[in-house]
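Visitor:
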Amino acid sequence: MKQLIYSVYVILPILLLWRASFVGVKKWNDGFLSLEQTKAFQGFLAVCIMLHHIGQKTAASWIQPKSRIVHGLDMFVPIGYLLVAIFLFFNGYGVYKSFHSKPNYLNGYVKKRILPVILALYSTTLIFFVVRLLIGEKMDGKQVLLYLTSIDLCNPNTWYVIVLPFFYLAFYLSFKFIKKDGLAVAATTAFVVLYQLLGTRINHNDFWIRGEWWYNCVHLFPIGIIFAKYENKIIPHVKKYYWAYLIVALAAFYPLYVWSGHMCDIFGYYGENWGAPDVVLRRRISLLSQVVLTTEFVFCWLLLGMKVKIGNAFLKFMGTITLEFYLIHGLFVELFGWQFDGGVRSPHHIKYVIVYVLVVFALGVPSAILLKKFHKFVLGLGKKKECPKEEKALSA
Numbered sequence: 031m032k033q034l035i036y037s038v039y040v041i042l043p044i045l046l047l048w049r050a051s052f053v054g055v056k057k058w059n060d061g062f063l064s065l066e067q068t069k070a071f072q073g074f075l076a077v078c079i080m081l082h083h084i085g086q087k088t089a090a091s092w093i094q095p096k097s098r099i100v101h102g103l104d105m106f107v108p109i110g111y112l113l114v115a116i117f118l119f120f121n122g123y124g125v126y127k128s129f130h131s132k133p134n135y136l137n138g139y140v141k142k143r144i145l146p147v148i149l150a151l152y153s154t155t156l157i158f159f160v161v162r163l164l165i166g167e168k169m170d171g172k173q174v175l176l177y178l179t180s181i182d183l184c185n186p187n188t189w190y191v192i193v194l195p196f197f198y199l200a201f202y203l204s205f206k207f208i209k210k211d212g213l214a215v216a217a218t219t220a221f222v223v224l225y226q227l228l229g230t231r232i233n234h235n236d237f238w239i240r241g242e243w244w245y246n247c248v249h250l251f252p253i254g255i256i257f258a259k260y261e262n263k264i265i266p267h268v269k270k271y272y273w274a275y276l277i278v279a280l281a282a283f284y285p286l287y288v289w290s291g292h293m294c295d296i297f298g299y300y301g302e303n304w305g306a307p308d309v310v311l312r313r314r315i316s317l318l319s320q321v322v323l324t325t326e327f328v329f330c331w332l333l334l335g336m337k338v339k340i341g342n343a344f345l346k347f348m349g350t351i352t353l354e355f356y357l358i359h360g361l362f363v364e365l366f367g368w369q370f371d372g373g374v375r376s377p378h379h380i381k382y383v384i385v386y387v388l389v390v391f392a393l394g395v396p397s398a399i400l401l402k403k404f405h406k407f408v409l410g411l412g413k414k415k416e417c418p419k420e421e422k423a424l425s426a
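For what it's worth, the working numbering labels the leading residue of the sequence shown as 31, then goes sequentially.
#1: With a 10 Å radius around its C-beta and 16 neighbouring C-beta atoms as the bar for buried, classify Q72 as buried or exposed.
#2: Using alpha carbons as the reference points, say which of A89, E242, L149 and P95 lies closest to L228.
#3: Cβ of Y126 within 8 Å of Cβ of I277?
#4: For Y382, I'd like the list of residues in its chain whose CB is within less than 7 Å of its CB, leaving aside the five on either flank, ordered along the chain.
#5: Jot down the residue ranges of each uninterrupted alpha helix (DSSP H) in the region 331 to 371, minimum 4 residues, whole runs only, in chain order.
#6: G212 to F366, Cα distance in whole Å?
#7: Would you call the region 136 to 152 and the region 111 to 118 in contact, with 3 or more CB pairs under 8 Å?
#8: In angstroms, rounded to a whole number, what distance separates the CA positions of G54 and L334?
#9: So, at 7 Å on beta carbons, what are the nonlocal neighbours of A150 in its own chain, with the 5 sequence-adjacent residues on each side left out?
#10: In this structure, how does DSSP classify S51 when only helix, strand and coil are distinguished?
#11: Please list the terminal residues of the continuous alpha helix (DSSP H) segment that includes R162.
#12: Would you say T219 and F201 are within 8 Å of each other, going by their C-beta atoms?
#13: Taking the alpha-carbon positions, what's the A214 to D236 distance?
#14: How do the region 312 to 323 and the region 285 to 303 stand: do at least 3 beta-carbon pairs fall below 8 Å, yes or no?
#15: Pick out whichever of F196, L163, V387 and M348 has its Cα sitting closest to the Cα of Q67.
#16: In angstroms, rounded to a whole number, what distance separates the CA positions of T155 and N185?
#17: With 16 as the cutoff for other CB atoms within 10 Å, does F52 come out buried or exposed?
#18: Run through DSSP, which three-state label would R231 get?
#19: Give me the DSSP bridge partner(s) of R240.
#20: Relative to the C-alpha of H22, which candidate in V38, C78, G122 and D104 has its C-alpha closest?
#21: Could you give the first and the last residue of the continuous alpha helix (DSSP H) run that contains H83?
#22: Just to confirm my understanding: we take D109, look at its own chain, exclude 5 residues before and 5 after, and list those with CB closer than 7 Å. What are they?
#23: I'd like the list of long-range same chain contacts for S180, defined as Cβ closer than 8 Å, with 5 residues on each side in sequence excluded.
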């Protein structure tokens, strides 16, 4: 039974490639960055991130006592930031393309782009808070406030939806008040880079920017914007030398992965633990290696997407609930592991990892669907009051 967890390495390619098609040697999947394709791919990534979080609970080297370690999802433990890097690239690419293709895009931008993410953050925070109380976690008034504000993460997987609204806001302010497109792109990029530099100055803690995973892949947001700005030049160039780029990029990924790992081992993010005098420099060197790796990783996926068109019922469905699934599946990861984040013993530990995976997925999907419906209801309240005729026409 323990060995069945390795079946995920067979199931995942099937989920991704079922009904996929290779467009041909001399043809291109020109819709590889379309909303349909990116949503489908994000649906697949959401499943991979679920496996990453379960891997951290079952196969991570830091688990104590060591007798609790069950191997199987080891490969997923260190790659969470690589997976989220692709999300951030799509986020940046999407806002820039929308800005240039939709008239008056910035009108209502906060409601359309930022408010849904904040609502998703705090609705799931409240759910996690109630569950923490029900399983017996003791809190004083200060801890209640920290949890409910998400200054101390009640839902441990929410760093992405905390930083994303700030990046969206930086984009909004840059493109609203800077009329020259290139300068607006530069301003947004500068904001993200300054955020990363700030992150390297902060020691590991229990609050915001609590560790390197808060900033070691966020550069893909401005890279997505830059790619969108210059794609009419980038894509024809890549097509011209496609096979050379593909071979080099795929061949380089694993050596870069190993190199980045060595750089992080040598320099590291945890210099404060042993009093390193150059702790910030060490973090920045480690970060630079991961900047290179994450950018190359995303480039690999873009190259593959130019030749392989993905899309099936499962990916299409998962693409509609990606944000909600990303935020809520962790509740079940915590409930059925050894202990809930924060130290309280989980109410039920699932022994076999494959069963653990299936239970988390089976409970996470309907929960995400319900959250999606709730979020739509809340965000649509004002809309219905303001323009009922238009809403009726759109729903027809």
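Just so it is clear, CB atoms sit at the ideal spot from N, CA and C, and this is done for glycine as well.
Guide: The relevant details are as follows:
#1: It counts as buried.
#2: Answer by Cα proximity: E242.
#3: Contact flag unset, no.
#4: If we look at Y382 and ignore the five residues flanking it on each side, its Cβ neighbours are M31 and K32.
#5: Qualifying alpha helix (DSSP H) stretches, in chain order: 343 to 350 and 352 to 365.
#6: When the Cα atoms are used, G212 and F366 turn out to be separated by approximately 49 Å.
#7: No, the region 136 to 152 is not in contact with the region 111 to 118.
#8: Each residue's Cα considered, the two are about 12 Å apart.
#9: Here the set comprises V191, L353, E354, L357 and H405.
#10: The answer is strand: DSSP assigns S51 an E or B state.
#11: Here the alpha helix (DSSP H) through R162 covers L145 to L164.
#12: Contact flag unset, no.
#13: Their Cα atoms are separated by approximately 34 Å.
#14: Under the three-pair Cβ rule at 8 Å, the region 312 to 323 counts as touching the region 285 to 303.
#15: For the residues F196, L163, V387 and M348, the minimum Cα distance to Q67 belongs to M348.
#16: Within the model, the alpha-carbon separation for T155 versus N185 is close to 6 Å.
#17: With fewer than 16 other Cβ atoms within 10 Å, it is exposed.
#18: In the structure shown, R231 sits in coil (DSSP, three-state: anything other than H, G, I, E or B).
#19: Paired residues: none, contrary to the question.
#20: Absent from the structure is residue 22, since the part of the chain shown begins at 31 and ends at 426.
#21: Segment L65 to T88, the alpha helix (DSSP H) holding H83.
#22: The sequence shown places Ile at residue 109, not Asp. Here the set comprises H82.
#23: The answer, listed in chain order, is L151, Y152, T155, T188 and I192.
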